[in-house]
Amino acid sequence: MEGINVISILSLSLVITSIAVIEFRNLKYSAYAYCLQAILMCSIFFIFARENHNLYWWLATAFITKVILIPTFLLRYIQKTEVMEIKPPLGYLPSIVISCVIMIFFYKMTHTHADFIAPNPEAMQEPFRTNLAVSFTIFALGLYCILIRRDAIKTVHGLCILENSVHLSLVSLAPKLAETAIIGIVTDVVIAVFLLLYVIHGIYKEFGSTDTYQLKNLRW
Amino acid sequence: MPEVISSYCILIFLVPALTSLLILIAGKVPSVSRLLAFIGMSITFIMTSIVFFESQTKILTALNNQLRIDSLSGLLNGLIGLIGLIVMLYSFPYLKLEKDKGIIQEKKIRSFYWQTMLFIGTMLVAVSTNNIILLWVIIEATTLGSALLVAFYWNKNALEAGYKYLMLLTVGISFALFGCVIIYSGVASHVVNGDPLQITTLSSVVKQGMIAGNIILLSAVFFIVGFGTKAGIAPFHAWLPDAHAEAPTPISALLSGVMIKVGIYALIRTVAMFYSIYATISLFVTILGIFTMLVGVFMMFFQENLKRFLAYSSINHVGYIVMGFGLAGSASSSASDAINNGAYLGMYGALFHMINHGIIKSLLFLCAGAIVYATGIRKIDELGGLSNKMPVTGFCFFVGSFAICGVPLLNGFMSKFTLFLAGAAIPGMLWTTIIAIISSIMALALYMHVAYRIFMGPMPEDIKKLDIKEVPVSMWFGMLVLSFICFVLGIFPQLVYPILDKATHVVLALIAKGSL
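Here the protein sequences come in this chain order: A and B.
The opening position of the first sequence corresponds to residue 611 in this note's numbering, with each subsequent residue numbered one higher.
The opening position of the second sequence corresponds to residue 299 in this note's numbering, with each subsequent residue numbered one higher.
Right, here's the structure in full:
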């Protein structure tokens with residue numbers, strides 16, 4: 611396949627942008643980093659689509675939703691709440707170190723043992739192998755962001771990168787998926803992000819903050 | 299069973315979806331939105347009933363087998379239609395009172411009805427689809443359709459519950475999408491004729507042993523985490539007590555009575571096909587079921603809020619259902635008759651309990667709503683002596699409490715007893731029966747304490763000052779209907795035998811090795 615190296619480089623860039631999304635303390639910058647990640651993803655879709663025209667559907671829906679809609683929603687609600695993230699429990703340096711450890715561990719593990727997670731022989735070959743490893747790595751980073759951060763909007767950023775990881779695996783492993791399924795999957799994500807931000811805005815108005823540590827009325 | 303193309307497969311979700319749209323457009327006046335919701339839900343109920351009965355003799359399909367209703371799907375359709383109608387009737391006076399008391403604004407009534415109709419519509423598609431990606435999309439859509447209903451009151455607690463509900467379920471369900479992608483990708487290259495996205499095609503290929511074991515394990519784990527989160531299986535259950543307790547009571551009844559069953563349905567449809575390849579998966583599911591059962595009953599001890607108490611009880615009962623589904627994995631062509639009987643009983647009991655729990659828990663939530671409606675109090679300790687003031691609600695609550703704990707002559711007993719027998723019939727699984735019996739006894743003690751306290755215990759001074767009356771007919775009528783069903787299914791369990799037997803065989807066919 612043409613552009614295998616380009617796809618691998620773009621795919622690896624997704625990991626770097628994921629770390630940027632997680633580690634920027636300014637939520638606007640995180641949203642921009644997410645937008646950049648979405649553009650990189652669309653570039654991967656474009657390269658794949660040149661060989662498999664069905665993927666132009668993916669490209670179009672991903673561009674509209676990931677590059678335009680989700681960053682717009684994020685920026686709009688960040689403007690309505692706080693631009694700076696609520697101070698996370700981990701400091702800047704430890705958080706970056708943990709992100710990097712997760713990145714290296716998951717990438718190394720999934721790339722080396724791709725035979726365990728690759729559902730077919732084709733997925734063992736490049737660039738699918740790298741994509742699959744990147745997909746699992748971003749998934750882990752997204753989960754890390756959701757679990758460790760106390761700012762509700764930051765957790766939505768985490769959810770967005772987690773969803774990107776699943777969509778990357780979809781394009782790599784199920785490129786012939788019907789366009790209705792693609793639109794259904796992506797629409798669900800956009801609505802989920804919008805509803806989450808809508809509820810978080812309500813939380814901000816009620817609690818005066820987007821700090822998830824304050825959401826403990828219902829614990830136990 | 300013959301397959302026939304039926305427009306009902308499409309109509310069952312088109313009607314609630316169009317009703318939802320109509321309410322959104324023309325339901326500004328509460329009475330209009332109520333009327334539209336009533337008409338839409340009544341038609342939906344009639345259609346789901348037709349689908350339920352038709353699915354006993356044939357498989358209904360539409361859109362090139364993308365929608366496929368067999369007896370298992372038909373059973374769930376029937377349950378959603380019945381509970382949906384009762385909940386809708388119940389919600390009319392409930393919301394009116396909340397509006398009169400100033401708890402909600404008038405404009406919220408329209409939101410409630412269009413979202414509820416949409417929610418019911420999405421659940422009906424979820425149990426009717428044969429496409430694994432569509433199943434995922436719709437299961438997520440049920441979350442999105444109900445999220446604002448969970449946060450309906452828009453106060454601190456409701457917003458917290460809404461945030462957790464959306465975040466935890468969306469993250470959880472992402473695992474299931476990973477599972478869908480991996481299994482689809484593994485199967486696609488082996489499919490010559492047919493659509494690899496269709497669950498029937500997928501399971502056929504998987505059961506022929508064409509897929510590598512690691513891919514099966516990986517997919518099974520992703521499905522269990524993903525759809526298990528939706529079903530409220532511990533330890534992925536954190537969203538459930540908050541959502542059930544903070545949503546308006548009619549929605550709590552829908553969430554507990556129906557929505558978690560949709561999650562269990564998705565789990566059954568996707569995980570059962572792996573059982574014949576890896577028996578360990580069924581053991582893992584059984585252990586998860588037992589763990590869920592214990593977490594639920596243990597947490598019930600600490601609850602002061604009545605709705606939260608019922609929510610943890612739902613987790614406890616999800617445990618029973620999942621345990622039965624796990625035990626069903628013992629069935630195979632090489633197993634002895636005793637084991638296969640145990641597996642049959644496990645699945646039969648799981649499906650019977652799924653239906654029974656749907657009915658009983660809806661009944662209990664509606665009773666809880668009636669108590670809140672009449673007193674405005676949710677805390678168990680602040681309630682007492684209501685039996686004289688609310689005799690119908692008291693009767694229904696006791697029926698529900700006895701039924702859910704498995705007291706003989708009520709439906710819960712029959713399904714629980716079937717599950718106990720299943721564990722005892724399978725060699726080495728007696729421990730599941732012992733734990734399940736202990737859990738039932740603990741739950742009985744807790745329920746009796748709560749029911750006695752609320753209805754027979756001394757009436758607190760604060761309540762004496764209130765003018766407490768029985769709830770309106772449109773509220774208690776549905777409760778009485780559900781109580782009546784509890785007795786009928788408890789005394790005449792053979793009435794549902796042919797229906798459950800067919801649904802059980804659908805699942806056992808999914809489990810059995812070889813092509814469908």
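Every residue gets a Cβ at the ideal spot worked out from N, C-alpha and C, and that includes glycine.
Alpha-carbon to alpha-carbon, residue j and residue i
{"i": "F749/A", "j": "L764/B", "result": "54 Å"}
{"i": "L778/A", "j": "S745/A", "result": "6 Å"}
{"i": "L698/A", "j": "L664/B", "result": "Note on residue identity: the sequence assigns Pro, not Leu, to residue 698/A. Their backbone Cα atoms lie some 42 Å apart in a straight line."}
{"i": "M645/B", "j": "L806/B", "result": "8 Å"}
{"i": "T568/B", "j": "F753/B", "result": "43 Å"}
{"i": "L703/A", "j": "G477/B", "result": "34 Å"}
{"i": "V690/B", "j": "P706/B", "result": "21 Å"}
{"i": "L393/B", "j": "K762/B", "result": "25 Å"}
{"i": "A459/B", "j": "L553/B", "result": "13 Å"}
{"i": "A801/B", "j": "L620/A", "result": "48 Å"}
{"i": "S487/B", "j": "R660/A", "result": "21 Å"}
{"i": "L787/B", "j": "S653/A", "result": "59 Å"}
{"i": "W668/A", "j": "H811/A", "result": "30 Å"}
{"i": "I381/B", "j": "I657/A", "result": "50 Å"}
{"i": "I809/B", "j": "G627/B", "result": "7 Å"}
{"i": "I367/B", "j": "E544/B", "result": "33 Å"}
Three-state secondary structure (DSSP) of residue i
{"i": "L814/B", "result": "Only weak support exists for where L814/B lies, its pLDDT of 47 falling under 50; the coordinates are left without a value."}
{"i": "D368/B", "result": "coil"}
{"i": "K677/B", "result": "strand"}
{"i": "A659/A", "result": "helix"}
{"i": "E633/A", "result": "helix"}
{"i": "A424/B", "result": "helix"}
{"i": "I402/B", "result": "coil"}
{"i": "N603/B", "result": "strand"}
{"i": "M557/B", "result": "helix"}
{"i": "M727/B", "result": "coil"}
{"i": "W412/B", "result": "helix"}
{"i": "N455/B", "result": "helix"}
{"i": "F790/B", "result": "coil"}
{"i": "A672/B", "result": "helix"}
{"i": "M757/B", "result": "coil"}
DSSP beta-bridge partners of residue i
{"i": "D821/A", "result": "D761/A"}
{"i": "Q496/B", "result": "N429/B"}
{"i": "T359/B", "result": "I303/B, R366/B"}
{"i": "M645/B", "result": "Per DSSP, none; premise fails for M645/B."}
{"i": "M694/A", "result": "N636/A"}
Buried or exposed (CB count within 10 angstroms, at least 16 for buried), residue i
{"i": "E695/A", "result": "buried"}
{"i": "M299/B", "result": "exposed"}
{"i": "S483/B", "result": "buried"}
{"i": "V703/B", "result": "Per the sequence presented here, residue 703/B reads as Cys, with Val not at that position. So C703/B counts as buried."}
{"i": "G511/B", "result": "exposed"}
{"i": "T616/A", "result": "The amino acid occupying residue 616/A in the given sequence is Val; Thr does not appear at that position. Exposed."}
{"i": "Y388/B", "result": "buried"}
{"i": "Y687/A", "result": "buried"}
{"i": "Y618/B", "result": "buried"}
{"i": "H723/A", "result": "exposed"}
{"i": "G524/B", "result": "buried"}
{"i": "W774/B", "result": "buried"}
Closer than 7 Å to chain A by CB, residue i
{"i": "A445/B", "result": "yes"}
{"i": "S487/B", "result": "yes"}
{"i": "A609/B", "result": "no"}
{"i": "W452/B", "result": "yes"}
{"i": "S813/B", "result": "Because the pLDDT at S813/B is just 48, under 50, the model does not fix this residue reliably, and the value given afterwards should be weighed accordingly. Output row for S813/B: interface = no."}
{"i": "Y273/B", "result": "The question about residue 273/B has no answer here: the residues shown for chain B are numbered 299 through 814."}
{"i": "E759/B", "result": "no"}
{"i": "F476/B", "result": "yes"}
C-beta neighbour in chain B for residue i, strict 7 Å
{"i": "P729/A", "result": "yes"}
{"i": "D798/A", "result": "yes"}
{"i": "E816/A", "result": "yes"}
{"i": "V776/A", "result": "yes"}
{"i": "V744/A", "result": "no"}
{"i": "F715/A", "result": "no"}
{"i": "I801/A", "result": "yes"}
{"i": "S819/A", "result": "no"}
{"i": "L624/A", "result": "no"}
{"i": "L679/A", "result": "no"}
{"i": "I795/A", "result": "yes"}
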